[in-house]
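Read in order, the letters of the sequence shown correspond to residues 201 to 306 in my numbering.
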Amino acid sequence: MNQQTRNIIFAVSGMLVLAGAVLYLSTWTFAPYLFAAGAAGVTVCYLTVPSPPSDPRTRRLNRWNTLAGLAMMVASFFMFRHRMEWVAFLLISALIQIYTAFVPDR
């Protein structure tokens with residue numbers, strides 16, 4: 201997958217995650233589906249990011265991002281079960297993504 205396609209999928213998926221989370225609070229029936237589609241897209245984008253084999257720091261940050269994507273997938277599972285633990289997993293995912301976004305490169 202090339203970088204431009206990955207960026208488009210990531211942007212659309214991010215909007216779906218945000219829309220799904222906000223619409224879930226209004227008890228809309230299809231909100232978990234939007235959230236799950238967005239979480240799957242974000243996770244696929246994180247899984248397909250190439251990391252140089254000689255840079256362990258970048259590989260470590262990519263693994264953290266993958267973990268954040270998986271936490272979003274677990275959050276969508278709890279959304280379908282109508283359990284409030286989805287908020288905790290979404291918060292964990294957001295904190296991991298904030299950490300990886302602001303870690304300075306060498």
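Here a beta-carbon is modelled for each residue, glycine too, at the ideal position from N, C-alpha and C.
Here the structure is a predicted model, which means the values were calculated and not measured.
By the Cβ-count criterion, V242 is buried, with 16 or more other Cβ atoms from all chains shown falling within 10 Å of its own Cβ.
In this structure the region 255 to 270 does not lie against the region 203 to 216, because fewer than three pairs of beta carbons, one per stretch, are closer than 8 Å.
For A268, the CB contacts under 6 Å within the same chain, skipping 5 residues up- and downstream, are S293, I296, Q297 in chain order.
With fewer than 16 other Cβ atoms from the protein chains shown falling within 10 Å of its own Cβ, S226 counts as exposed.
Note that the C-beta distance between R206 and T266 is not below 8 Å. Taking every protein chain shown into account, the CB of F235 has 16 or more other CB atoms within 10 angstroms, so this residue is buried.
Per the coordinates, the alpha-carbon of F277 lies some 25 Å from the alpha-carbon of I208. Linking G238 to R259 through their CA atoms gives a straight-line distance of about 23 Å.
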